[in-house]
Amino acid sequence: MWLYAARRLLMTIPIGLGVTIICFTLIYLAPGDPVQSLLPPDATASDVAMLRAAYGLDKPIPIQYLIWLGHAVTGDLGTSIQTQRPVLEEVTRALSNTISIAVISTVLAFAIALTLGVIAAYRSGGIVDRIATGVAVLGISVPSFWLGVVLVIIFAVELGWLPATGMGSDGSENFSFLHWDQAKYAILPIVTMTLTPLGIIMRTTRSSIAEVLAQDFIQTLRAKGLGKLAIMRHAIWNAMPQILAMLGLQLGYLIGGSILIETIFTWPGTGFLLNKAILTRDIPLLQGTILVLALAFVAINLLVDLVQTVVDPRIKRA
Amino acid sequence: MADLSLDTSGVTASPRGRRVRGYWANVWNRLRYDYVTLFFLTLIILIILTVIFAPWLAPLDPNKSSMAYRLKPVFYKQFMLGTDEQGRDILSRLIYGGRTSLMMGILPVVFATMIGGFFGVLAGYAGGKLNMVIMRSMDVFFAFPSVLLAVAISGSLGGGLINQLITLTVVLTPPLCRVAETSTSQIRSMDFVDAARASGASTLSIIFRHVLINVVSPVFVYASTLISASILLASGLSFLGLGVSPPTPDWGLMLSTLRQSIYVQPLVCALPGVAILITSIAFNLVSDGLRQAMDVKA
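Shown next, in the form of structure tokens:
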């Protein structure tokens, strides 16, 4: 197991480097000269050349990448064009807001999906199974941004029970899930975020439990005279590694893909930051946020794999 | 292996010595009784026909705005589904908007299937170093959640139809490449490929006659599951302003601009999303049905 863990850790290094290369390339995808966007339009040619040298843009691209990587490793992701603040500072401030709703959504999705998925597998073809199948299809088909708008229409516009956007009058600095007048701002974003992972985790739960139930050792348990519930317990534990893997993946997707939901609810997380960066064409901010989010996704995947080896001793892929 | 189980099911289904069907006949036979899939397949065909014949089917000009008829409710005079913030007919815009949305669902998947399929089959068949280079580069793209990767590329490239097409193709290529690679390397190690080689078949003939034909089903089924994902991603990008530029109608873009008016016309504002949802459900269920009928494991 330790050998596997060490190998898995080493495998992360080239992936991480690849991620930095893609993020570095983003600047070159952007149309126009990056220097031009920093300078007023009446800047002289010598000003342009000076700035180009100051940013190291006169050097060959591989060298530029290494310089950029050196800065990034030490936590220097550049400065946001719009706010003139360090990108890393902006991202870390937003990240906690994203992580908090993403984690709550994932836990919620997991709890509901596990319950429904187990019942659906237990009584396959029953009413819960049908509902579960429907929710699963809905979960992967629904445009999350539309769901957000519909929830706002129902609960904020028509019923007036919950606020439509934002994080409350105190802003994100003093936000606490323990005070209702603040926590209520998080409810609609969380509900919107939950549906898709709920559907997908439920699908995985149902199919992996059904897969375990078809195995020979279940037959043995039945022959030994174990009750249906006791057999189900065995099946759930055997299916757990697969379910946990899906759970981790979904958490990663929520944290990395929060842009649409955060944009609708103006929830000041990383997705909202990304949207701001796109609207203002703030490429350093865009690049830095994407780098942090992608590395977070890589880290979550690593963590899930490691947890899986602990939970499931059968995995010895070393 | 899959073929064996197929044959037995075909035989047990027709005990009276009817002729044994081929693979595609079997697939069709299973689809024929799958009414859910058939229903949604019909729906997809109807949607496609509607957007193709949009100029004849749309009741009004999708781009004709009128200040007098801004944000009218459903069934208001000639506007069956109401009007938007510029007084344009929602129904006509939905019909025309389906063109961009469907195109963004299908074209990137087709491109990604060609590119990803090519590299996947190449990597799977060649194995060794070439396999490692191709698949490890694809792994890097898997280090991004798909929405994030799409936003990263699209956000840097900027909006526009072509940029959106490029973005989605790049996002969808790695997963297709992986599916193609997995099934190619599975097929390659099978006995009948060795048999073909032993009987003197050339590499190209093995790839085209023996490998490719068996890789097509899993890749095709997987690609069909990506259409709905592609539609959702595309409309999400348009929603963020990274798609077609106004006034071109597009479901994601319509939803984004109508969002400002939810306090005036809540029902009308939700309509473009309903169009996205129905199309996406239809593609998802049809690809589910196809997978079952073609007996491909997920």
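Chains as they are written, first to last, in my numbering: chain A, 1 to 318; chain B, 1 to 298.
Every residue, glycine too, gets a C-beta built ideally from N, C-alpha and C.
Practice task
Look at the alpha carbon of ALA234/B and the alpha carbon of GLN84/A, and state the distance between them as a whole number of angstroms.
Solution key: As a first step, residue 234/B must be located in the second sequence, where it is residue number 234. As a first step, residue 84/A must be located in the first sequence, where it is residue number 84. If you take the alpha carbons of ALA234/B and GLN84/A, they lie about 32 Å apart.
Handout entry: Test item: CB-CB of SER183/B and PRO145/B under 7 Å
Key = Within the second sequence, numbered from 1, the residue matching residue 183/B stands at position 183. Within the second sequence, numbered from 1, the residue matching residue 145/B stands at position 145. No, the pair does not count as a contact, with Cβ atoms beyond the cut-off.
Problem - Cβ shell of MET246/A (< 7 Å), same chain only, five flanking positions each side left out - result: As a working note, residue 246/A is residue 246 in the first sequence. Hits under 7 Å: ILE200, ILE201, THR204.
Problem - Proximal residues of chain A, C-beta to C-beta of LEU290/B below 7 Å - result: In the second sequence, residue 290/B corresponds to position 290, counting from 1. Within chain A, no residue comes near LEU290/B; the closest Cβ sits about 15 Å away, beyond 7 Å.
Problem - Test item: CB-CB of ALA49/A and ILE101/A under 7 Å - result: Working through the first sequence from its first residue, we reach residue 49/A at position 49. Working through the first sequence from its first residue, we reach residue 101/A at position 101. Not in contact: ALA49/A and ILE101/A (Cβ atoms no closer than 7 Å).
Problem - Beta-carbon spacing of SER230/B, GLY105/B below 7 Å - result: Stepping through the second sequence from its first residue, residue 230/B is reached at position 230. Stepping through the second sequence from its first residue, residue 105/B is reached at position 105. It is a contact, given that the beta carbons lie within the stated cut-off.
Handout entry: Contact the segment 273-282 of chain B vs the segment 188-202 of chain B: 3+ CB pairs below 8 Å
Key = no
Handout entry: Status (buried if at least 16 other CB within 10 Å, exposed otherwise) for HIS71/A
Key = The residue given as residue 71/A occupies position 71 in the first sequence. Under this definition HIS71/A is an exposed residue.
Exercise for the section: Using only the heavy atoms of the ligand COA, determine whether one of them is closer than 6 Å to the beta carbon of THR12/A. Expected result: As far as ligands go, the structure on display features none, and thus does not contain the ligand COA.
Handout entry: Short-range partners of chain B found in the segment 141-157 of chain A, where Cβ spacing is below 7 Å
Key = SER141, VAL142, PRO143, PHE145, TRP146, VAL149, VAL150, VAL152, ILE153, VAL157
Handout entry: Other residues of its chain near SER5/B: CB distance less than 6 Å, five sequence neighbours each side excluded
Key = If you number the second sequence from 1, residue 5/B lands on position 5. For SER5/B, the predicted structure reports a pLDDT of 42, less than 50, and the residue's modelled location is therefore unreliable. The matter cannot be settled from this model.
Handout entry: Residues that THR83/B bridges to, as DSSP identifies them
Key = Position 83 of the second sequence, counted from the first residue, corresponds to residue 83/B. THR83/B pairs with ASP89/B.
Problem - Touch test, the segment 290-303 of chain A against the segment 14-32 of chain A, Cβ-Cβ under 8 Å, three pairs minimum - result: yes
Practice task
Can you grab the Cα-Cα spacing for the pair GLY75/A / GLU89/A, in whole Å?
Solution key: If you number the first sequence from 1, residue 75/A lands on position 75. If you number the first sequence from 1, residue 89/A lands on position 89. Distance between the alpha carbons of GLY75/A and GLU89/A is about 10 Å.
Exercise for the section: State the DSSP-derived secondary structure class of THR165/A, mapped to helix, strand or coil. Expected result: Counting from 1 along the first sequence, the entry for residue 165/A is found at position 165. Correct three-state label for THR165/A: coil.
Exercise for the section: In the DSSP assignment, find the unbroken alpha helix (DSSP H) run with GLU158/A in it and report its ends. Expected result: Counting from 1 along the first sequence, the entry for residue 158/A is found at position 158. GLU158/A -> no alpha helix (DSSP H), and no H or E assigned at all.
Problem - DSSP bridge partner residues for PRO86/A (one or two, in chain order) - result: Working through the first sequence from its first residue, we reach residue 86/A at position 86. According to DSSP, PRO86/A bridges with THR79/A.
Practice task
Please decide whether VAL19/A counts as near chain B, where near means a Cβ-Cβ distance under 7 Å.
Solution key: For the purposes of this step, residue 19/A is identified with residue 19 of the first sequence, where counting begins at 1. Interface residue, yes.
Practice task
From the DSSP output, in three-state form, read off GLN215/A for me.
Solution key: Residue 215/A sits at position 215 when you count from the first residue of the first sequence. Coil, per DSSP.
Problem - Rounded separation between ARG52/A and VAL110/B - CA only - result: Numbered from its first residue, the first sequence carries residue 52/A at position 52. Numbered from its first residue, the second sequence carries residue 110/B at position 110. Whole-angstrom Cα-Cα distance: 41 Å.
Practice task
Count the other C-beta atoms from every protein chain shown that fall within 10 angstroms of the C-beta of SER156/B, then say buried if there are 16 or more, exposed otherwise.
Solution key: Taking the first residue of the second sequence as 1, we reach residue 156/B at position 156. It counts as buried.
Practice task
Give a yes or no on whether the minimum CB-CB distance between VAL11/B and chain A is below 7 Å.
Solution key: Within the second sequence, residue 11/B is the residue found at index 11, counting from 1. Annotation note: pLDDT 43 at VAL11/B (below 50); position unreliable, coordinate value reported separately. No, its Cβ sits nowhere closer than 7 Å to a Cβ of chain A.
Practice task
Grab the span of the alpha helix (DSSP H) containing ALA30/A for me, first residue to last.
Solution key: For the purposes of this step, residue 30/A is identified with residue 30 of the first sequence, where counting begins at 1. Neither: ALA30/A is in no alpha helix (DSSP H) and is coded neither H nor E.
Practice task
Determine the direct distance from the alpha carbon of LEU49/B to that of LEU302/A, and round the result to whole angstroms.
Solution key: Numbered from 1 along the first sequence, position 302 holds the residue referred to as residue 302/A. Numbered from 1 along the second sequence, position 49 holds the residue referred to as residue 49/B. Taking the straight line joining both Cα atoms gives about 46 Å.
Exercise for the section: Within its chain, find whatever has a CB closer than 6 Å to the CB of PRO272/B; leave out the 5 residues flanking it on each side and keep chain order. Expected result: Position 272 of the second sequence, counting from 1, holds the residue named residue 272/B. Cβ neighbours of PRO272/B beyond the five flanking positions: TRP251, MET254, LEU255.
Problem - Proximity to THR98/A [Cα-Cα], best of ILE278/A, ILE112/A, THR266/A - result: As a working note, residue 98/A is residue 98 in the first sequence. Measuring from the Cα of THR98/A, the nearest candidate turns out to be THR266/A.
Practice task
Assign ASP216/A to one of two classes, buried (16 or more other C-beta atoms within 10 Å of its C-beta) or exposed (fewer than that).
Solution key: Here residue 216/A is taken as the residue at index 216 of the first sequence, counted from 1. With fewer than 16 other Cβ atoms within 10 Å, it is exposed.
Handout entry: Residues from the segment 185-206 of chain A in contact with chain B, defined by Cβ distance under 8 Å
Key = none
Handout entry: Nearest neighbour of MET232/A, chosen from LEU77/A, THR115/A, ILE104/A, ALA164/A [CA to CA]
Key = In the first sequence, residue 232/A corresponds to position 232, counting from 1. Cα-wise, what sits closest to MET232/A is THR115/A.
Exercise for the section: Would you kindly work out how many angstroms separate the C-alpha atoms of LEU77/A and THR270/A, rounded to a whole number? Expected result: Translated into positions along the first sequence, residue 77/A becomes position 77. Translated into positions along the first sequence, residue 270/A becomes position 270. Their Cα atoms are separated by approximately 15 Å.
Handout entry: Spatial distance of THR133/A from ALA54/B (CA atoms)
Key = Position 133 of the first sequence, counted from the start, is the residue given in the question as residue 133/A. Position 54 of the second sequence, counted from the start, is the residue given in the question as residue 54/B. Distance between the alpha carbons of THR133/A and ALA54/B is about 34 Å.
Practice task
For ARG326/B, collect the residues of the same chain with a Cβ closer than 6 Å to its Cβ; drop the 5 residues on either side in sequence, then sort them by chain order.
Solution key: Past the boundaries of the shown model lies residue 326/B; chain B is included only from 1 to 298, so the question cannot be answered.
Handout entry: Where the alpha helix (DSSP H) through SER154/B begins and ends
Key = For the purposes of this step, residue 154/B is identified with residue 154 of the second sequence, where counting begins at 1. Start and end: 146-157.
Exercise for the section: Consider the Cβ of TYR122/A: report whether some Cβ of chain B lies at a distance smaller than 7 Å. Expected result: Here the question's residue 122/A lines up with position 122 in the first sequence. Chain B contact via Cβ: absent.
Practice task
Measure the C-alpha to C-alpha separation of LEU286/A and ILE27/A and round it to an integer number of angstroms.
Solution key: Taking the first residue of the first sequence as 1, we reach residue 286/A at position 286. Taking the first residue of the first sequence as 1, we reach residue 27/A at position 27. Computed Cα separation, rounded: 9 Å.
Practice task
Note down the Cα distance separating VAL11/B from ILE154/A, rounded to an integer number of angstroms.
Solution key: Sequence index remark: in the second sequence, residue 11/B carries index 11 (1-based). Sequence index remark: in the first sequence, residue 154/A carries index 154 (1-based). Confidence at VAL11/B is low in this model, with a pLDDT of 43, below 50, so the placement of that residue is unreliable and no value is reported for it.
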